[in-house]
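Engineer:
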């Protein structure tokens, strides 16, 4: 690979993962505090950000990675796409469950034990998210940083940054 000293490595795209985890933690803290409306808002915010990140990877990173055809153990492009689909499914499930809690709370009020089943299910989501994060950190992005030259990396960053700007503008 050519020197990328002036170009951010593609692995920097993973910096968003920490911000996503912080958003999800805020959501869970709101659940624990029985601030269910706030938990709904935070889950919606988390969902928007995760989808923006995922869609950028699906559109601009994974096609290039797939074209490299590296045959890395645990690294077929379909694995990453499948995990993205599973994460999307979990987002819908969690949204439904938080909305149910919101309705329950309006009807009778909630106790801390009422949120425990949701928190338990969210542990499964967090496990999947962590597994996916590790595969990207150990396989996807190191391969991209290793195999692509500065011009290719720069082109992907332009696409990712443009995608993020367009998505954020649509939120306004």
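Residue numbers (this note's numbering): 2 to 173. Every residue, glycine too, gets a C-beta built ideally from N, C-alpha and C. Quick caveat: nothing in here was measured; it's all calculated off a predicted structure.
Give the straight-line distance between the Cα atoms of residue 70 and residue 162, rounded to the nearest whole angstrom.
Structural biologist: Each residue's Cα considered, the two are about 25 Å apart.
Engineer: What does the Cβ neighbour count give for residue 102, buried or exposed, with the cut at 16 atoms within 10 Å?
Structural biologist: Per the 10 Å Cβ criterion, buried.
Engineer: Use the C-beta contact count for residue 33: other C-beta atoms within 10 angstroms, 16 or more gives buried, fewer gives exposed.
Structural biologist: Residue 33 is exposed by the Cβ-count criterion.
Engineer: By the DSSP assignment, the alpha helix (DSSP H) with residue 171 in it spans what residues?
Structural biologist: Element bounds for residue 171: 151-172.
Engineer: Assuming contact is defined by CB atoms lying nearer than 8 Å, are residue 146 and residue 16 in contact in what I supplied?
Structural biologist: The answer is no: Cβ separation not under 8 Å.
Engineer: In three-state terms, what does DSSP make of residue 8?
Structural biologist: Of the three classes helix, strand and coil, the one that applies to residue 8 here is coil, per DSSP.
Engineer: Under three-state DSSP, which class holds residue 42?
Structural biologist: Helix, per DSSP.
Engineer: For a quick check, are the C-beta atoms of residue 21 and residue 48 less than 8 Å apart?
Structural biologist: No; because the gap between Cβ atoms is not below 8 Å, this pair is not in contact.
Engineer: Using the three-state DSSP reduction, which class does residue 24 fall into: helix, strand or coil?
Structural biologist: In this structure, residue 24 counts as helix in the three-state DSSP scheme.
Engineer: Where do the ends of the alpha helix (DSSP H) carrying residue 133 lie?
Structural biologist: Taken as a continuous stretch (DSSP letters only), the alpha helix (DSSP H) holding residue 133 covers 117-136.
Engineer: Using three-state DSSP, classify residue 32 as helix, strand or coil.
Structural biologist: Correct three-state label for residue 32: helix.
Engineer: Do you know offhand how far residue 173's Cα is from residue 39's?
Structural biologist: Computed Cα separation, rounded: 20 Å.
Engineer: By Cβ distance below 6 Å, which residues in the same chain neighbour residue 7 in space, the five residues on each side in sequence not counted?
Structural biologist: Counting only Cβ-Cβ distances below 6 Å, and skipping sequence neighbours, we find nothing.
Engineer: Can you tell which of 50, 37, 79 has the C-alpha that lies nearest to the C-alpha of residue 167?
Structural biologist: Out of 50, 37, 79, 50 has the C-alpha closest to the C-alpha of residue 167.
Engineer: Keeping to the same chain, check which residues put their C-beta closer than 7 Å to that of residue 46; ignore five residues upstream and five downstream.
Structural biologist: For residue 46, where only same-chain residues beyond five positions count, the Cβ hits under 7 Å are 24.
Engineer: Please list, in chain order, all residues of the same chain as residue 37 whose beta carbon is under 6 Å from its beta carbon, the five residues on each side excluded.
Structural biologist: Closer than 6 Å at the Cβ level, and outside the excluded window around residue 37, lie 102, 103, 106.
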